[in-house]
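Below: the structure, in structure tokens.
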Amino acid sequence: MDARCDPEFDLCSDEKIRKYPTIKVLKYGITSKAEYRGQRTPEAFAEFVNNSLNSSVNVVHAPNTTAANALKRIQDTREAIIGLFSTLDSSNPHLQHFLRASHVEKDRCSFHIIHGIVDEGDRMAHREAVSQRIKEITTMKKANFQAIHSWIMRKCTLLVRELTFANAEEITDEGLPLLLLFYDKKSEHLKPKFHEVVNAHLSSHLGQINFLTADGNTFSHPLAHMGKSHADLPFFCIDSLVHMYAHPNKADVLLSDHNHLVEFITDLHSGKLHREFHYGPDKPAEESVKTKKQTPSRQDQKTDPPESAFRKLGPSHMKYSILHDEF
Numbered sequence: 057m058d059a060r061c062d063p064e065f066d067l068c069s070d071e072k073i074r075k076y077p078t079i080k081v082l083k084y085g086i087t088s089k090a091e092y093r094g095q096r097t098p099e100a101f102a103e104f105v106n107n108s109l110n111s112s113v114n115v116v117h118a119p120n121t122t123a124a125n126a127l128k129r130i131q132d133t134r135e136a137i138i139g140l141f142s143t144l145d146s147s148n149p150h151l152q153h154f155l156r157a158s159h160v161e162k163d164r165c166s167f168h169i170i171h172g173i174v175d176e177g178d179r180m181a182h183r184e185a186v187s188q189r190i191k192e193i194t195t196m197k198k199a200n201f202q203a204i205h206s207w208i209m210r211k212c213t214l215l216v217r218e219l220t221f222a223n224a225e226e227i228t229d230e231g232l233p234l235l236l237l238f239y240d241k242k243s244e245h246l247k248p249k250f251h252e253v254v255n256a257h258l259s260s261h262l263g264q265i266n267f268l269t270a271d272g273n274t275f276s277h278p279l280a281h282m283g284k285s286h287a288d289l290p291f292f293c294i295d296s297l298v299h300m301y302a303h304p305n306k307a308d309v310l311l312s313d314h315n316h317l318v319e320f321i322t323d324l325h326s327g328k329l330h331r332e333f334h335y336g337p338d339k340p341a342e343e344s345v346k347t348k349k350q351t352p353s354r355q356d357q358k359t360d361p362p363e364s365a366f367r368k369l370g371p372s373h374m375k376y377s378i379l380h381d382e383f
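Note that the numbering used here has the sequence shown beginning at 57, numbered continuously upward.
See below:
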């Protein structure tokens, strides 16, 4: 179906349409978070529909195996949801609901079914990508589709996402500033710690800023844009989609105390980062100078941030008619 946003203003407002054309995808009446952003040709549409209809659930037969041992067989680099069933009974409503929910959320998580295990009731498990561990197991006893889908959706909604060239347009199109941890192979171990800090202390900032990790070798251009090189990895920066602000302190120092990142985010929203860009660092109060810690705060160093690098990865004016150019 198509909707013209002039006569259907309320509908387009509810769907937060910012550009023409926007192609939304609905599965079982549920609007997918991700839009269709591929080529607008009959062949591309047909390929997308065919891929969407294909099941991507990995089925594992583990006869007479305990759930704990069966779960060890699952190896996945993505966030994974695993359904645990004693048999593959197509009349089982839990299995039906799980397959339906997996189809809706297939772009956000990997899905697996393990069957033949020792019967302990139908259950679901969440395997976290960043830690490669089972984080939670829940029972599906008397659960309907809404309950099963809601649980899966919560586990597939990551507070910290990995930025790639494939998802950069989608993430930038959300119009939120980006708090990025740039890392390399030697500092990849900081990613789980960043996830822990965001989950424990920064989740209240969701909807105001996006938390991302990015491979500094893959995104070498933004590094150069900030006057950084691979030798500076790892480090944190904020891209406001207007300017980029690199934090002068080392990433492990910021992760050792979540208040450093809270201050960084607060300074963005208060306008302090932007103000210092134009007028130099705020002068600290006399009392602050006397009690100044050895670890330098961000205000001790003059900021000279470049223009946003990731803004250029957002929706292109060559591809869309932008209705509200917040950038």
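Every residue gets a Cβ at the ideal spot worked out from N, C-alpha and C, and that includes glycine.
In this structure, the alpha-carbon of F221 lies about 23 Å from that of V254. Note on geometry: alpha-carbon atoms of L82 and N110 lie some 15 Å from one another. A straight line joining the alpha-carbon of A280 with that of A307 spans about 18 Å. Counting every other CB atom within 10 Å of its CB across the protein chains shown gives N266 a total of 16 or more, marking it as buried.
Here E218 carries a strand assignment [DSSP, helix/strand/coil].
For L297, the secondary structure class from DSSP, reduced to helix, strand or coil, is coil. With a cutoff of 7 Å on beta-carbon distance, A185 and R134 are scored as near each other. Listed in chain order, the non-local C-beta contacts of E319 below 7 Å within the same chain number zero, local neighbours out to five positions each way being set aside.
Per the coordinates, the alpha-carbon of K211 lies some 43 Å from the alpha-carbon of Y335.
DSSP links D271 through a beta bridge to Y239. When only Cα atoms are considered, F101 and G263 end up about 31 Å apart.
Under the three-state reduction of DSSP, I138 is assigned to strand. Remark: three or more beta-carbon pairs, one from each stretch, lie closer than 8 Å, so the segment 135–151 and the segment 172–187 are flagged as touching. Separation of the CB atoms of H286 and D240 is rounded to 6 Å, and the pair is thereby assigned contact status at 8 Å. Contact check for D295 against S243 fails: the beta carbons are separated by 7 Å or more.
Just so you know, the alpha carbons of F333 and F238 end up roughly 22 Å apart. Per DSSP, the unbroken beta strand (DSSP E) holding F167 starts and ends at S166 to H171. The shortest C-alpha to C-alpha distance from D271 to any of H261, G283 and F291 is the one to F291. Ranked by Cα distance from S108, the options P77, V160 and F154 are led by V160.
In the displayed model, L258 falls within a helix according to three-state DSSP. Distance between P278 and F250, taken at the CA atoms: about 20 Å. Straight-line measurement puts the Cα of A124 at about 39 Å from the Cα of E230. Put simply, the backbone Cα of S146 is about 38 Å away from that of C68.
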